[in-house]
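A short write-up of the structure that comes next.
Protein chains in written order, with our numbering: chain B, 327 to 502; chain R, 152 to 377.
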């Protein structure tokens, strides 16, 4: 029985490898990428303004509390969730595009042993983890949920925050 | 010579295989009693050397892309270390008898290498990378060799006496098949794809990549901290 399982693993592995290699050698890598939508430019102010609007709950609150349209507010939240997911996916696609930027080095030359390449890998992995986490939170709790978990409920953190404030206040008084 | 300089670890491994086989034949003919020990030593060393070849393959996969140049190496080392500790080490420590321990080690090392190749190909697919013919051939040859080894070692572990004679024939056949694939794939040197085969959307200055990566991270961190 175990041999059969291992044989199945080996066959599945070989099929996977041949499938991947066939695609990687024959397909145009840009085909898959053209289907994705990109963030126009992250440096572009309008693009960032869009994220401010998507993740800002003030108009939903205004709709629900001041105008008393809770159903409309719910519809707006659903739409915003969809937009937030699309925004995050576009951001991820643009990031992948940056990652795919090739470095052109003549074939005779040896690849530079860049000390920064591990740092760049860290930035890439960090971004991937954060964006996956953000997508998960938006999918599960919507766009208006706090993305970073708050630690305010921990008594220690409240105390330390309070002591930090007190120290800052004392320092400002003594400097006057 | 061009291609030897491009894959130094792989050609060292081939050299090791060739010299090792000659030495093994000499031991078999002249010091028959020492052959089993010499064989297992040669075999275990070759398993370790194969990990080094995997590191070289992984380096070549992501070579043209500075942002993920070390991704292959990071995946290879972390999977080797992780599975080495939780999957390979227990079979060495807790197997009953040397024969089972060695076979268990060989089987699990082959599965670990297969997992590394799978992870590398998934990462390459995720980023839509185009593989060059030489590296694709190396991966295919290695995969055939590993696939046959996995079936062989598991069958040998379970039907030890029945399968021993088949294993004696199957292992060299698998290695010959693997060598044939490598011979075809590495017959001529295929350079790293030039800019014409790269994504037209990604034609930007590669020196700006670290700043772009940092900027994306900053923007996302700002969003998460709100």
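Backbone N, C-alpha and C fix where the C-beta goes; we use that ideal spot for every residue, glycine too.
Remember, it's a predicted structure, so these values are computed and weren't measured experimentally.
Next on the checklist: Starting from residue 308 of chain R, trace the alpha helix (DSSP H) in both directions and tell me its first and last residue.
Outcome noted: In the DSSP assignment, residue 308 of chain R falls within the alpha helix (DSSP H) that extends over 284–309.
Item to check | the stretch 408–430 of chain B: positions lying closer than 8 Å to chain R by Cβ | outcome: Of all residues in the stretch 408–430 of chain B, 417, 420, 421, 422, 423, 424, 425, 426, 427, 428, 429 and 430 have a Cβ within less than 8 Å of some Cβ in chain R.
Next on the checklist: List, in chain order, every chain B residue whose beta-carbon is nearer than 7 Å to that of residue 225 of chain R.
Outcome noted: In chain order: 447.
Checklist entry - Hey, is residue 461 of chain B's beta-carbon within less than 8 Å of any beta-carbon in chain R? => result No, no contact with chain R.
Checklist entry - To which residues of the same chain is residue 396 of chain B closer than 6 Å at the C-beta, ignoring the five residues directly before and after it? => result 390.
Checklist entry - Does residue 246 of chain R have its Cβ less than 8 Å from a Cβ in chain B? => result Chain B contact via Cβ: absent.
Checklist entry - Got a sec: is the Cβ-Cβ distance from residue 323 of chain R to anything in chain B below 8 Å? => result Not flagged as an interface residue toward chain B: residue 323 of chain R, since no C-beta distance is shorter than 8 Å.
Item to check | Chain-ordered neighbours of residue 452 of chain B on chain R, where CB pairs are closer than 7 Å | outcome: Per Cβ cutoff of 7 Å: 368.
Next on the checklist: Is there a C-beta anywhere in chain R that falls below 8 Å from the one on residue 444 of chain B?
Outcome noted: So, interface residue.
Checklist entry - Do you know how far the Cα of residue 254 of chain R is from the Cα of residue 304 of chain R? => result Their Cα atoms are separated by approximately 6 Å.
Checklist entry - What three-state label does DSSP hand residue 337 of chain R in the structure shown? => result Note: residue 337 of chain R maps to coil in three-state DSSP.
Checklist entry - Quick one: any contact between the stretch 182–191 of chain R and the stretch 406–419 of chain B, if contact means 3 or more CB pairs under 8 Å? => result Using a Cβ-Cβ distance cut-off of 8 Å, the stretch 182–191 of chain R and the stretch 406–419 of chain B are not in contact, since fewer than three pairs of beta carbons, one from each stretch, lie closer than that value.
Checklist entry - Helix, strand or coil for residue 359 of chain R per DSSP? => result It is helical.
Checklist entry - In chain R, which residues lie with their C-beta within 8 Å of the C-beta of residue 340 of chain B? => result For residue 340 of chain B, the chain R residues whose C-beta falls within less than 8 Å of its own C-beta are 294, 295 and 298, listed in chain order.
Checklist entry - Quick one: what's got a C-beta closer than 7 Å to residue 369 of chain R's C-beta in the same chain, skipping five residues either side? => result Cβ-Cβ distances below 7 Å link residue 369 of chain R to nothing in the same chain once the five nearest sequence neighbours on each side are left out.
Next on the checklist: Check this for me: beta carbons of residue 256 of chain R and residue 243 of chain R, under 8 Å apart or not?
Outcome noted: Yes. Within cutoff.
Item to check | Residue nearest to residue 238 of chain R in terms of C-alpha spacing, selected from R/212, R/327 and R/260 | outcome: That would be R/260, whose Cα lies nearest to the Cα of residue 238 of chain R.
Checklist entry - Which value, in whole angstroms, describes the spacing of the CA atoms of residue 203 of chain R and residue 235 of chain R? => result For residue 203 of chain R and residue 235 of chain R, the distance between alpha carbons rounds to 15 Å.
Next on the checklist: Can you find the residues in the same chain that come closer than 6 Å, C-beta to C-beta, to residue 381 of chain B, ignoring five residues on each side of it along the sequence?
Outcome noted: Shown here for residue 381 of chain B: same chain residues with a beta carbon closer than 6 Å to its own, the five before and five after excluded, namely 469 in chain order.
Next on the checklist: For the stretch 375–407 of chain B, list every residue whose C-beta sits within 8 Å of some C-beta in chain C, in sequence order.
Outcome noted: Checking the listed chains, one finds no chain C in this structure; the protein chains it contains are B and R.
Item to check | Inter-stretch contact (C-beta, 8 Å, three-pair minimum) for the stretch 287–299 of chain R and the stretch 334–344 of chain B | outcome: Yes, they touch.
Next on the checklist: I want to know whether the stretch 271–279 of chain R touches the stretch 214–227 of chain R - three or more CB-CB distances under 8 Å.
Outcome noted: Proximity of the stretch 271–279 of chain R to the stretch 214–227 of chain R meets the contact definition, three or more beta-carbon pairs being nearer than 8 Å.
Next on the checklist: Just to make sure I have the definition right: I need the residues of chain B whose C-beta is within less than 8 Å of the C-beta of residue 371 of chain R. Which are they?
Outcome noted: Those are 417, 453, 456, 457 and 460, listed as they occur along chain B.
Checklist entry - Taking Cβ-Cβ distances shorter than 7 Å, what residues in chain R pair up with residue 332 of chain B? => result Those are 301, 302 and 305, listed as they occur along chain R.
Item to check | N-terminal and C-terminal residue of the alpha helix (DSSP H) that residue 200 of chain R is part of | outcome: Its alpha helix (DSSP H) spans residues 186–212.
Checklist entry - What residue from R/160, R/164, R/361 and R/161 has the CA that sits closest to residue 447 of chain B's CA? => result Measuring from the Cα of residue 447 of chain B, the nearest candidate turns out to be R/361.
Next on the checklist: Short of 6 Å in beta carbon distance, which residues of its chain neighbour residue 164 of chain R, apart from the five on each side in sequence? Order them along the chain.
Outcome noted: Excluding sequence neighbours, residue 164 of chain R sits near 200 and 204.
Checklist entry - Where residue 450 of chain B and residue 457 of chain B are concerned, what is the direct C-alpha to C-alpha distance, given to the nearest angstrom? => result For residue 450 of chain B and residue 457 of chain B, the distance between alpha carbons rounds to 11 Å.
Checklist entry - Based on Cα-Cα distance, which residue from B/333, B/444 and B/350 lies nearest to residue 279 of chain R? => result Residue B/350 is the option with its Cα nearest to residue 279 of chain R.
Checklist entry - Does the separation of the CB atoms of residue 229 of chain R and residue 263 of chain R fall below 8 Å? => result Going by beta carbons, residue 229 of chain R and residue 263 of chain R fall outside the 8 Å limit.
Next on the checklist: Considering just the uninterrupted stretch of the alpha helix (DSSP H) at residue 168 of chain R, what are its terminal residues?
Outcome noted: DSSP places residue 168 of chain R inside the alpha helix (DSSP H), whose first and last residues are 159–181.
Next on the checklist: Does the CB of residue 349 of chain R have a neighbour CB from chain B at under 8 Å?
Outcome noted: The predicted position of residue 349 of chain R is uncertain, since its pLDDT is 48 and thus under 50; a value taken from the coordinates is nonetheless stated next. Interface flag for residue 349 of chain R against chain B is set, since a Cβ pair is found closer than 8 Å.
Next on the checklist: What residue range does the alpha helix (DSSP H) around residue 451 of chain B cover?
Outcome noted: Residues 443–467.
Item to check | Cβ of residue 343 of chain B within 8 Å of any chain R Cβ | outcome: Taking 8 Å as the threshold, the shortest C-beta distance from residue 343 of chain B to chain R falls below it.
Item to check | Near the ligand MG: residue 229 of chain R beta-carbon under 7 Å from a heavy atom | outcome: This structure does not include the ligand MG; it has no bound ligands of any sort.
Checklist entry - Straight-line CA distance for residue 364 of chain R to residue 459 of chain B? => result When rounded, the distance between both Cα atoms is 18 Å.
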